[in-house]
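Let me begin by presenting the structure, written as structure tokens, before commenting on it.
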Amino acid sequence: MQKIVLSRQHIEALNRRRRVIVNLDTNWGLPGVEDHDAQDIIDFNMEFFMGLEGSQVDSIWWAWGEMNYGPWPSKILPVNHEYQKWLKRGVDPLRMGIEEGRKRGLEAFMTFRINGGEGYPAGYPVLDENPGWGFPEPVWQTRRFNFAIKEARDYKLSIIREVAENYDFDGIEIDWRCGPMNFPDLMRVWENREHLTEFMRSVRMMLLEVGKKKGKPILLAARVPENIEGCHYDGLDVEKWVEENLVDILALGCHNFEVDIKAFRLMTLGKEIKLYPSTDDHHPSSGYEHPPIEVFRGVFANFWNQGADGMYTFNFYPLPYEVPVPGLSHGLFPSSKIWAVHRQAYCEMGSPETLRFKDKVFVTQRRGGGQWAPVSEFFYANSNCFAQLPKELSNDKNDETYIHIPVGDDVNKYKDRIKSIELRVLLSDPEAAGLPADERICGGLVKITAEDVYFVKGESGLEPVEIRNLAEPPARGLENNLRTRMNGIILGRPAIRERPEPLKGIPE
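Residue 106 in our numbering sits at position 119 of the sequence shown, and the numbers go up by one each step.
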């Protein structure tokens, strides 16, 4: 096996300042996008990320669909009809995104959802022509490439090569988070891990070859689950990748608030590999749909405290046009309040110093969320299935339930700067479901219908989307049986806070 030795120029490129990475899901393959001016869309995105003074965004990783069509004049992929109007006029969105970012000092990666399923809008025509490259049967009504088949891997590699050779990207990301099912026998994925390692090996060697011809390094990143056990669950032998120097950057996780940075840091000791924990605000950790800025501050402070090289965001982006919703006749519109939180976060998350002394909420992660099941039969990515919550409380007074909450701030060192510390606990009791509202804490199910979430276009105009609380409010009196201890110190009697409106930082 050829030993991979990276040049000094390659290491210098890897060590560029990269405080915040934006994985930008362009949504440009959606119907009607070709009716907009591509330059206007690019400018809108650039202003969103860079328009506020103090923005810490240094790198944009452009995502254009599920690798089933090409938004560039591809000789391998069919060109999506949504892009053909632009391409016929000589408008190339890939080149435009790189150039506009360069003007603002932004690094540009292309990120490939390497096996993201059938995808909108046209499926995978190549699987119609080569059915042996895919799964024998669809999974979740979508078709996937079988990475145990060399021809399937070579086909994917040829697409990445085409982009690397024809565009001036600083790096390529292989997004395994958006492609967690890569072998038809979903119960024997780990036994097939070498096929995924071989693919990463081929991408690495190809990028080194293309970079040498161009006279500039092309970095290679991989987006993987947030812990090593989850990587193994999905057949990703990250230890082997690190051992062979197959990656420069590991983007860790997706919609999770907890990342095992320490384990990855130990694994990469002595290697030139950067670690960027990821947070997603569209497929969120269960119970934390579009939280306030205080929750995000707590997440980012924990990541920095645990040794991250920078922050990575997914779905922290604007939508400059109406987004069609499958099965609905109207569009979905994020509220301006969500946008405001994201833009504020981009000015704070990129450094521990800009987070210091700001109000924060530190949370314990809950399994599931973001339209994904808490325990996945098929894959680990996106499931959060190792998270601590929900956790059942025992009725035995001598049987304590332990929950770990990471707190990235040194509250002892800066105790003179802290006004208050509050521990919030959300309880759920299914046995109380039949009680009248006045006999339950908080009086019943909490619902959000404010402008904090999404709007849909209805008959009478924009209407807020209703979101149901995950908890079943318990019976009154339950609080008298609750004893809480933090760091060995028994706290006082808990106070009930009625919630006609959602509390900031509490999962709704």
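C-beta: ideal position from N, C-alpha, C; glycine also.
Closest by C-alpha distance to H219, out of H269, W177, F99, is W177.
For E94, the uninterrupted beta strand (DSSP E) segment begins and ends at 94 to 100. Restricted to the region 266 to 292, the alpha helix (DSSP H) segments that are unbroken, complete and at least 4 residues in length are 280 to 292, listed in chain order.
The distance from the Cβ of F283 to that of V350 is about 10 Å, inconsistent with a contact at the 8 Å cut-off. The beta carbon of G355 is closer than 7 Å to those of S273, P361, S370, N371 in its chain, skipping five residues each way along the sequence. The DSSP-derived three-state label of I477 is strand. One thing to note: V246 has its Cβ no nearer than 8 Å to the Cβ of L256.
Nearest in C-alpha terms to G52, of all of P271, D141, S46, V66, is V66. Under the 8 Å Cβ criterion, the region 136 to 151 counts as touching the region 179 to 194, having at least three qualifying pairs. Taking 8 Å as the upper bound for CB-CB distance, I8 and Y263 are in contact here, some 6 Å apart. By the neighbour-count criterion, in which a residue is buried when 16 or more other Cβ atoms sit within 10 angstroms of its Cβ, S381 is exposed. Annotation for L195: the continuous alpha helix (DSSP H) segment containing it runs 180 to 201. Take the alpha-carbon of C165 and the one of W48: they are about 14 Å apart. Per DSSP, the unbroken beta strand (DSSP E) holding F301 starts and ends at 298 to 301. Following the DSSP letters along the chain, one finds V328 inside the alpha helix (DSSP H) bounded by residues 323 to 333. Only residues of its own chain outside the window of five on either side were considered, and among them A419, P460, P461, A462, R463 have a CB closer than 7 Å to the CB of R427, listed in chain order.
Listed as beta-bridge partners of Y111 by DSSP are no residues whatsoever.
Distance from the CA of E226 to the CA of G77, rounded to the nearest whole angstrom, comes to 44 Å.
At the C-beta level, V113 and E152 stay beyond 8 Å of one another.
Closest in alpha carbon position to A458, among K378, V394, T388, is K378. Taking C-beta atoms as the reference points, S46 and F96 count as a pair closer than 8 Å. Cβ neighbours of P212 within its own chain (closer than 6 Å, five residues either side excluded): C218, Y367, A368.
Membership of S46 in the beta strand (DSSP E) is indicated by the continuous run 44 to 50. Counting every other CB atom within 10 Å of its CB across the protein chains shown gives E94 a total of 16 or more, marking it as buried. Under DSSP, F132 shares a beta bridge with G121.
Put simply, the region 338 to 349 touches the region 388 to 395. At least three CB pairs are less than 8 Å apart.
D397 is bridged by DSSP to nothing; it lacks a bridge partner. Residue burial is scored here from C-beta neighbours: A209 has at least 16 other C-beta atoms within 10 angstroms and is therefore classed as buried. K400 and A25 have their alpha carbons spaced roughly 50 Å apart.
M473 counts as exposed, since fewer than 16 other beta carbons sit within 10 angstroms of its beta carbon. Taking 4 residues as the shortest admissible run, the region 210 to 272 contains the following complete alpha helix (DSSP H) segments, listed from N- to C-terminal end: 215 to 220, 225 to 230, 248 to 254. Secondary structure note for V7: its beta strand (DSSP E) is the uninterrupted segment 7 to 12. Beta-bridge partners assigned by DSSP to D162: R100, R210.
Under the DSSP assignment, V150 falls in the alpha helix (DSSP H) whose first and last residues are 137 to 153.
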